[in-house]
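K.L.:
For reference, the structure I am asking about is given below.
There are 2 protein chains.
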Amino acid sequence: MEKSAGGCPVEAAVKLIGGKWKIVILYQLVTNGPKRFNELRRIFPEVTQRMLTLQLRELEEDGLINRKVYHEVPPKVEYSVSELGQSLHQVLLHIQDWGLYYLDQKAAKN
Amino acid sequence: MEKSAGGCPVEAAVKLIGGKWKIVILYQLVTNGPKRFNELRRIFPEVTQRMLTLQLRELEEDGLINRKVYHEVPPKVEYSVSELGQSLHQVLLHIQDWGLYYLDQKAAKN
DNA sequence: CGGTATCCTGCCTGATACTG
DNA sequence: CAGTATCAGGCAGGATACCG
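These protein sequences, in sequence, are chains C and A.
Taking full-length UniProt numbering, the leading residue of the first sequence gets 1, the next gets one more, and so forth.
Taking full-length UniProt numbering, the leading residue of the second sequence gets 1, the next gets one more, and so forth.
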């Protein structure tokens, strides 16, 4: 008998990082350090403000990133990976590696 | 200057494996070998037939899986990973590893 | 068995306006 | 600056029924 759903580690992982923009956001924060809200907006212009907010909130709720508010004027909010988010570093690098491999393969076909 | 969108390998990878059920489907095919349509349905009862079909079609279009039709009665269709899909093996294992780590961490907190 | 076809809901987008 | 609010429109995804 094989476990399929329920406690499957792969499904658990996908639940956390499977959001539409979560992987790229995490990749950005893991490799390039903490970023402010509008910095992320500039980095991902194709992500709407609403979706960026939602994805960041979900990542925060799942404990993958930290949200630090600086009570200054003008206000400043910085997003950074948590310890749990940092533990995804290798996974994210492997995804990037595979992406490179895939793009190479595709380029070689032309 | 940093590349953010466009040819980013991470975004390219997410485009291919970022579908709602693609990672778990690929994981299943990579680790447990070729599967028929209704086998996959039984393994993932929470995925609707329509979505399973759509995700399989997209995976096929992107060259990640192969679809082999046996012209028998009753009909038989077998899905298996392609060479490109097989190249995701390590990535999928890393995702699984991280899922295990995450579930452990969560369990430890209780 | 392995799918389509159809309808329907709900999320996502895009634009714009507003707030602490 | 870092959001929230709202609304129109589109498209992804769900439920059900039907088909070769």
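A virtual CB, placed ideally from N, CA and C, is assigned to each residue, including glycine.
Just so it is clear, the structure is predicted and the values come from calculations on it, not from any experiment.
Using a threshold of 7 Å, state whether the C-beta atoms of GLN55 (chain C) and LYS22 (chain C) are closer than that.
P.N.:
In this structure, LYS22 (chain C) lies closer than 7 Å to GLN55 (chain C) by Cβ.
K.L.:
Flag VAL47 (chain C) as yes if its beta-carbon sits less than 7 Å from any beta-carbon of chain A, otherwise no.
P.N.:
By this cut-off, VAL47 (chain C) is not an interface position.
K.L.:
If you measure from the beta carbon of ILE23 (chain C) to each beta carbon in chain A, is any gap under 7 Å?
P.N.:
Yes, because at least one Cβ of chain A sits closer than 7 Å to the Cβ of ILE23 (chain C).
K.L.:
When the Cα of VAL10 (chain C) is compared with those of A:TYR101, A:GLU78, A:ALA107, which residue comes out closest?
P.N.:
Closest by alpha carbon: A:TYR101.
K.L.:
Tell me the DSSP bridge mates of LEU76 (chain C)?
P.N.:
Reading off the sequence shown, one finds Lys at residue 76 (chain C), where the question assumed Leu. In the DSSP output, where bridge partners are listed per residue, LYS76 (chain C) has C:TYR70.
K.L.:
Taking 7 Å as the threshold (C-beta atoms), are VAL91 (chain C) and TRP98 (chain A) in contact?
P.N.:
Yes; because the gap between Cβ atoms is below 7 Å, this pair is in contact.
K.L.:
Which whole-angstrom value is the C-beta distance of GLN105 (chain A) and LEU88 (chain C), which I expect to be below 8 Å?
P.N.:
Actually they are not in contact, since the Cβ atoms of GLN105 (chain A) and LEU88 (chain C) sit about 12 Å apart, beyond 8 Å.
K.L.:
I believe VAL30 (chain A) touches GLN86 (chain A) by the beta-carbon criterion, under 8 Å. Please report the beta-carbon distance rounded to the nearest angstrom.
P.N.:
So it is a contact: roughly 7 Å between Cβ atoms.
K.L.:
Straight-line CA distance for VAL47 (chain C) to ARG67 (chain A)?
P.N.:
Cα to Cα, VAL47 (chain C) sits roughly 34 Å from ARG67 (chain A).
K.L.:
What alpha helix (DSSP H) runs, 4 residues minimum, are completely inside the UniProt domain "HTH hxlR-type" (8 to 107) of chain C?
P.N.:
Listed in chain order, the complete alpha helix (DSSP H) runs (minimum 4 residues) inside the UniProt domain "HTH hxlR-type" (8 to 107) of chain C are 9 to 17, 22 to 32, 37 to 43, 49 to 61, 83 to 86.
K.L.:
Rounding to the nearest angstrom, what Cα-Cα distance links ASN32 (chain A) and MET51 (chain A) in this structure?
P.N.:
Straight-line Cα distance between these residues: approximately 21 Å.
K.L.:
What is the C-beta distance between LEU26 (chain C) and ASP62 (chain C), in whole angstroms, given that I count them as a contact (C-beta under 8 Å)?
P.N.:
Between ASP62 (chain C) and LEU26 (chain C) the Cβ distance is about 11 Å, and since that is not below 8 Å, they are no contact.
K.L.:
Quick one: Cα of LYS35 (chain A) to Cα of GLY7 (chain A), how far?
P.N.:
Computed Cα separation, rounded: 33 Å.
K.L.:
Can you grab the Cα-Cα spacing for the pair LEU40 (chain A) / HIS71 (chain A), in whole Å?
P.N.:
When rounded, the distance between both Cα atoms is 20 Å.
K.L.:
PRO75 (chain C) versus chain A: which residues are under 8 Å apart at the beta carbon?
P.N.:
Residues of chain A passing the Cβ test: none, with the nearest at roughly 24 Å.
K.L.:
Measure from the alpha carbon of GLN28 (chain A) to the alpha carbon of each residue in A:PHE44, A:LYS20, A:GLY18, then state which is nearest.
P.N.:
Nearest of A:PHE44, A:LYS20, A:GLY18 to GLN28 (chain A), Cα basis: A:PHE44.
K.L.:
Assuming ALA12 (chain C) contacts LEU103 (chain A) (C-beta within less than 8 Å), just tell me the rounded distance between them.
P.N.:
6 Å between Cβ atoms; contact.
K.L.:
Between the alpha carbons of GLN49 (chain A) and GLY19 (chain C), how many angstroms are there, rounded?
P.N.:
So the two alpha carbons sit approximately 22 Å from each other.
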